[in-house]
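Student:
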């Protein structure tokens, strides 16, 4: 008589053991309802506690191995594990951060000098629609100084902690702000989407302002090459700011090349390259529709431009240094299907000048508010529109339309940003209904939606692969990594209410 093994049965005919749960090897049928326990199919915010669902997943893997069969579908354990945690994030609100980060937000790595010596830390650069530029230190270095503001965290979601530990993931210290003459419209760091990991410190950050009735938008850089002296004062930040260029137009958005030598800006007149070393401005695309979103591709040779009329156009930005707008090639681009359906002859086409590829143009129903190129899949990009649509496109087959769509987003007129985690498994955005939503990029499944803010989460800054330094038992350690290899999945969100941090692993 064969020995009994827990979780297995012995087949005398085949003279071997088989697992009791899960699909029988060689069978084409999928597991029945009495097989491996599926993950709950309830709505994203009405899920089982994370620990309970994780236990079910671990049990299933132990019995069936990897890959798993869950809900009649084949999947990997790691993907399911992350998806469970993403569907139940922990969210903290930081006090005394209102109106600080509703314009732009970016995370960076910093070197700072304290009385104890030089150390590395992580910082947040936040821009407000009131023209403020705020520098925040993420960690405990700033907590030792009386100068500045300590932003205390408050756990805001889930309201019932379900007996789970909710340790504060980060501490935030805010220095005095620097004031610009108009809204901060964009903050970008060079090389954040590159696959190559380089230990060299980033030299500068790109900052743009929107412009006002009296003056146009402006382009600035913030010097990050030298260590900052702490406590950080307004005068120190002003000394590090460099005025690159001023334009007689509105600057809606911008992106920075990988090496940080040039930027591309989206304006109400089109798109232009800006040499960040000498301030030379070269127009690469001119038109009558505002460029509200744009993004360099991985090579830095092309840029995606999202227009107010719903068009997404590919622009070649090579060999354009010093080229005047009058020498750009003129194109007649078909208007979006929604415009053509209105029957107005003057809207059948719109004019664009530049080195563009008309055949690589696609459309969304309304104004484009965000574009995100995927670094791990360099031909793919995400786009969102002001009708609530969010789509994933393959640039090689852009005329065929989106390859994936993401349902549930609410937007009609607001320029909300999309964010992705470093692994590019999850997509994050805030909606006009003040909800934060999180989707699985590959499947398009909505994993989480809930409201913890009374204003729209406008900007997102997903945690990059840099580690958060923290002090444990008097020794320097790094938050954000498990066993020194795996990132901590989380994102900063900026709204008029203030800063929020959502962590799901």
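Numbering (my numbering), first residue to last: 10 to 514. Glycine residues also receive a C-beta, built at the ideal position from the N, C-alpha and C atoms.
CA-CA distance, residue 384 and residue 433?
Tutor: The residue given as residue 384 occupies position 375 in the chain shown. The residue given as residue 433 occupies position 424 in the chain shown. Their backbone Cα atoms lie some 8 Å apart in a straight line.
Student: So, under 8 Å CB-CB, residue 265 and residue 198 are touching, yes? Tell me the CB distance rounded to an integer number of Å.
Tutor: Here residue 265 corresponds to residue number 256 of the chain shown, with the count starting at 1. Here residue 198 corresponds to residue number 189 of the chain shown, with the count starting at 1. Between residue 198 and residue 265 the Cβ distance is about 7 Å, and since that is below 8 Å, they are a contact.
Student: Please name the residue, chosen from 469, 363, 188 and 290, that lies closest to residue 312 on a Cα-to-Cα basis.
Tutor: Within the chain shown, residue 312 is the residue found at index 303, counting from 1. Ranking the options by Cα distance to residue 312, first place goes to 363.
Student: Please report how far the alpha carbon of residue 12 lies from the alpha carbon of residue 91, in whole angstroms.
Tutor: Counting from one through the chain shown, the residue named residue 12 turns up at place 3. Counting from one through the chain shown, the residue named residue 91 turns up at place 82. Straight-line Cα distance between these residues: approximately 37 Å.
Student: Excluding the five sequence neighbours on either side, which residues of its own chain have a C-beta within less than 8 Å of the C-beta of residue 127, listed in chain order?
Tutor: Numbered from 1 along the chain shown, position 118 holds the residue referred to as residue 127. Excluding residues within five positions, the ones whose Cβ falls inside 8 Å are 120, 121 and 236.
Student: From what residue to what residue does the alpha helix (DSSP H) around residue 244 run?
Tutor: Residue mapping note: residue 244 aligns to position 235 of the chain shown, counting from 1. First-last of the alpha helix (DSSP H) with residue 244: 243-249.
Student: Just curious, the beta strand (DSSP E) that residue 260 is in, first and last residue?
Tutor: Here the question's residue 260 lines up with position 251 in the chain shown. From DSSP, the beta strand (DSSP E) with residue 260 extends over 260-265.
Student: Work out the CA separation of residue 101 and residue 509 for me, nearest whole Å.
Tutor: Here residue 509 is taken as the residue at index 500 of the chain shown, counted from 1. Here residue 101 is taken as the residue at index 92 of the chain shown, counted from 1. Roughly 6 Å between the two C-alpha positions.
Student: What separation, rounded to the nearest whole angstrom, lies between the Cα atoms of residue 291 and residue 218?
Tutor: In the chain shown, the residue the question calls residue 291 occupies position 282. In the chain shown, the residue the question calls residue 218 occupies position 209. Approximately 18 Å between the Cα atoms of the pair.
Student: Using a Cβ-Cβ cutoff of less than 7 Å, which residues in the same chain neighbour residue 446 once the five nearest sequence positions on both sides are dropped?
Tutor: Position 437 of the chain shown holds residue 446. Excluding sequence neighbours, residue 446 sits near 417, 418, 438, 440, 455, 457 and 458.
Student: Is the Cβ-Cβ distance between residue 427 and residue 401 less than 8 Å?
Tutor: Residue numbering aside, residue 427 sits at position 418 when the chain shown is read from its first letter. Residue numbering aside, residue 401 sits at position 392 when the chain shown is read from its first letter. It is not a contact, given that the beta carbons lie outside the stated cut-off.
Student: If you draw a straight line from the alpha carbon of residue 157 to that of residue 425, how long is it in whole angstroms?
Tutor: As a first step, residue 157 is located in the chain shown; it is residue number 148 there, counting from the start. As a first step, residue 425 is located in the chain shown; it is residue number 416 there, counting from the start. Rounded to whole angstroms, residue 157 to residue 425 spans 29 Å at the Cα level.
Student: What does DSSP give as the partner residues of residue 413 in its beta bridges?
Tutor: Residue numbering aside, residue 413 sits at position 404 when the chain shown is read from its first letter. Paired residues: 401.
Student: At the level of alpha carbons, what is the spacing between residue 176 and residue 160?
Tutor: Taking the first residue of the chain shown as position 1, residue 176 is located at position 167. Taking the first residue of the chain shown as position 1, residue 160 is located at position 151. C-alpha separation (whole angstroms): 16 Å.
Student: Quick one: Cα of residue 421 to Cα of residue 212, how far?
Tutor: Mapped onto the chain shown, residue 421 falls at position 412. Mapped onto the chain shown, residue 212 falls at position 203. Straight-line Cα distance between these residues: approximately 38 Å.
Student: Taking the beta carbon of residue 228 as the centre, do at least 16 other beta carbons fall within 10 Å, making it buried, or is it exposed?
Tutor: In the chain shown, residue 228 corresponds to position 219, counting from 1. By the 10 Å Cβ count, residue 228 comes out buried.
Student: Where does residue 189 sit, in a helix, a strand or coil, going by DSSP?
Tutor: Walking along the chain shown from the start, residue 189 turns up at place 180. In the structure shown, residue 189 sits in coil (DSSP, three-state: anything other than H, G, I, E or B).
Student: Just mark residue 252 as buried or exposed, buried being the case when its beta carbon has 16 or more other beta carbons within 10 Å.
Tutor: In the chain shown, counting from the first residue as 1, residue 252 sits at position 243. Its Cβ having fewer than 16 others within 10 Å, residue 252 is exposed.
Student: For residue 55, is the classification buried or exposed, using 16 other Cβ atoms within 10 angstroms of its Cβ as the cut-off for buried?
Tutor: Taking the chain shown and counting its residues from 1, one reaches residue 55 at position 46. Low confidence applies here, because residue 55 scores a pLDDT of 42, under 50, leaving its location unreliable; read the following figure in that light. Residue 55 is exposed by the Cβ-count criterion.
Student: Cβ atoms of residue 443 and residue 468: under 8 Å apart, would you say?
Tutor: The sequence position of residue 468 within the chain shown is 459, counting from 1. The sequence position of residue 443 within the chain shown is 434, counting from 1. Contact: no.
Student: List the residues that DSSP assigns as beta-bridge partners of residue 429.
Tutor: Looking up residue 429 in the chain shown gives position 420. Per DSSP, 436.
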